[in-house]
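First comes the structure, then the notes that go with it.
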Amino acid sequence: MEPIGELKNLKALHIENVRRITNFSGLGRAQELRYLSINGTFDWAQPIESFDFLSGLNQLEFFSLGFVRSLAKTPALEALACLTSLKEIRIPNHIFTLLDYALLETGLSGVKGSTFPPFKKYMSGLDTDGEWFYLLGKKAGRIKGSSPKAKEKCETHLKAYEETKINARKLLDTLAKR
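If you read the sequence shown in the working numbering, its first letter stands for residue 102, the second for the next number, and so on.
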């Protein structure tokens, strides 16, 4: 990725299925980049060791991740949450911790795609009792809709997410003072 960062007039970049690369730090020097999409494939999740490179992309307006696996320390998305030119993000709801989603929702209010519900209801065509609640966050899991504790578990996750957003605001305020 180092040579791509040297392309000073690069405005848009779609990266897909780069199996031997986990370090995207070279992209941070592509300061005119406005559109960035990083994807793995259906059968392979693109590993990304850090998202700190995003801090150098002050012109970025659109950022998308698909079929990726974060190897980054938590919180991984501080840099993304601090970008002021963003207009839209597309981030799956199961890759990062609750803190990362809270950072995006808190730091990027008004940006399309920056609101993450703490759980989503899905209907499964394969399951006759097909209602499931998928919880926001890495390894957060899912809850069968017919479970007697489904409502309680969803409310607990909602409360945890609301508390995490308070912590995210404090973290962003600390970052802004630097």
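Built from N, CA and C at the ideal position, the CB exists for glycine as well.
Proximity of residue i and residue j at Cβ, strictly below 7 Å
i      : j      : result
LEU155 : ALA131 : no
ILE149 : SER171 : yes
ALA182 : GLY208 : yes
PHE197 : LYS239 : yes
ILE190 : PHE217 : no
GLU107 : ARG135 : no
VAL212 : LEU187 : yes
LYS222 : PHE234 : yes
PRO219 : HIS195 : no
ILE244 : LYS254 : yes
GLY246 : GLU232 : yes
Under the three-state DSSP convention, the category residue i falls into
i      : result
LEU114 : strand
PRO104 : helix
LYS254 : helix
SER248 : coil
ASN268 : helix
LEU134 : coil
THR142 : strand
PHE154 : helix
LYS109 : coil
THR275 : helix
Nearest-angstrom beta carbon gap, residue j and residue i [assumed within contact, 8 Å]
i      : j      : result
LEU276 : GLU133 : Wrong, their Cβ atoms sit about 24 Å apart, outside the cutoff.
ASP153 : PRO176 : With 8 Å as the limit, ASP153 and PRO176 do not qualify as a contact, their Cβ atoms being about 11 Å apart.
LEU204 : LEU273 : 7 Å
GLU117 : ASN140 : 4 Å
PRO193 : LEU237 : With a Cβ gap of about 10 Å, PRO193 and LEU237 do not count as contacting.
TYR262 : LEU184 : 22 Å between Cβ atoms; not a contact.
LEU114 : ILE105 : 7 Å
GLN160 : VAL119 : Wrong, their Cβ atoms sit about 23 Å apart, outside the cutoff.
Strand pairing of residue i, partner residues [DSSP]
i      : result
ILE281 : Given a span of 102 to 279 for the chain in the structure shown, any question on residue 281 remains unanswerable.
Counting only runs of 3+ residues fully inside the region 161-243, write out the beta strand (DSSP E) ranges in chain order.
163-167, 169-171, 189-191, 220-224, 232-236
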